[in-house]
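Right, one structure below, let's go through it.
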Amino acid sequence: MAMALSTMPSCSAERRASNCDSLLSEVAKGNTGLIAGGPSADLSRKVAALRDECKRSFERDFQLAVYSTNTGDPDQAISLLQGIASNDPQTEPKRLSALYWSLYRTFSRREERGIVAADARARFPDSPYTRLIGGAEDCIKGKCASALADLQFADSQLHEVEGLQFLAFAYAANDDFRNAEKTLDLLRRVAGDRTMTERLVYVSVVTYVNMGRGAEAKGIYTRFLQQFPASIQGNFMRKSRDVLTQSGHLPDRG
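Residues are numbered in this note's numbering as their position in the sequence shown, beginning at 1, plus a constant of 1.
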């Protein structure tokens, strides 16, 4: 039986859907390279087209949120991610993880971050996304040594930059500086200094000093301080300086 003309998909609709599928794929691929290199004009154009021309869907809004987080607009990412909540075990752990990292970058909303991690643990305890953000939250709360197994499992499944950061913390917290060194070296190859935080400076300093790479440790500390002079007052930067001073890589201020 022939399909009525009015019910057949138009060529323009098919082209639009195909174009949106292509845009989504290209934006997702571009998002994976954002941390290392920053957004290109071409990726920014594709993101704008995906936002303006394509129908809302989980993957569309998820990729727009990832882009927003990695380009310094976590509030926009949070709004997008809150709008695609569901009970789907295939997508919800991934969404909760992305929401956690957006909140992680918004200091004033750190209490919400803990709520998201607890929600993920209650609903999807075995998901690698849950074990990633649960392990990260444990690290932040001073229980990093016991988070190692969760972070190792998450890294084996997801290979995410955030996971490498906290995995390095956990190795160092267990005095496993050789594996902390390997993890930090990989992180630097993947992301350079773009993901550096005060906490990561400290872990890098402790690890590299223990592994006989004090000059590199000093370089990481100095570059971060040059970029963020006010960070010298931070607890992790003070602790980093103490390690470098005690190891003879910075002069003692007396």
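Idealized CB from N, CA, C, for every residue including glycine.
| query | result |
| --- | --- |
| Presumed contact (8 angstroms Cβ cut-off) between Arg62 and Leu81, rounded CB distance | The amino acid occupying residue 62 in the given sequence is Asp; Arg does not appear at that position. That belief holds up - the Cβ atoms of Asp62 and Leu81 are roughly 5 angstroms apart, short of 8 angstroms. |
| Touching by the beta-carbon criterion (3+ pairs, under 8 angstroms), the segment 114-129 and the segment 67-80 | no |
| Status (buried if at least 16 other CB within 10 Å, exposed otherwise) for Gly143 | exposed |
| Where Asn88 sits in the DSSP three-state scheme | coil |
| Coil, strand or helix - Gly249 by DSSP | coil |
| Alpha carbon of Val28 to alpha carbon of Glu60, nearest angstrom | 10 angstroms |
| Separation of Gln166 from Asn71, as counted between CA atoms | 16 angstroms |
| Tyr130 vs Ala118 beta-carbon contact at 8 angstroms | no |
| Inter-residue spacing [alpha-carbon to alpha-carbon] between Gln247 and Gly213 | 14 angstroms |
| Pairwise C-alpha distance: Gln228 and Leu159 | 30 angstroms |
| Own chain residues within Cβ distance below 8 angstroms of Leu51, not counting five before or after | Cys21, Leu24, Leu25, Val28, Arg61, Gln64, Leu65 |
| Pair within 8 angstroms by beta-carbon distance, Arg1 and Asp194 | Past the edges of the chain, shown from 2 to 255, lies residue 1, and the structure says nothing about it. |
| Within 8 angstroms, strictly: CB atoms of Leu188 and Val162 | yes |
| Same chain only: Cβ atoms within 6 angstroms of Met2, ignoring 5 sequence neighbours per side | Low per-residue confidence applies at Met2: pLDDT is 46, beneath 50, and the placement is therefore not dependable enough to give any value. |
| CB of Cys145 within 8 angstroms of CB of Phe178, strictly | no |
| First and last residue of the uninterrupted alpha helix (DSSP H) at Ser147 | Neither: Ser147 is in no alpha helix (DSSP H) and is coded neither H nor E. |
| Own chain, CB closer than 6 angstroms to Leu168, minus 5 neighbours either side, in chain order | Leu152, Asp156, Thr184 |
| Range of the contiguous alpha helix (DSSP H) that encloses Ser98 | 93-105 |
| Ala231 beta carbon less than 8 angstroms from that of Val207 | no |
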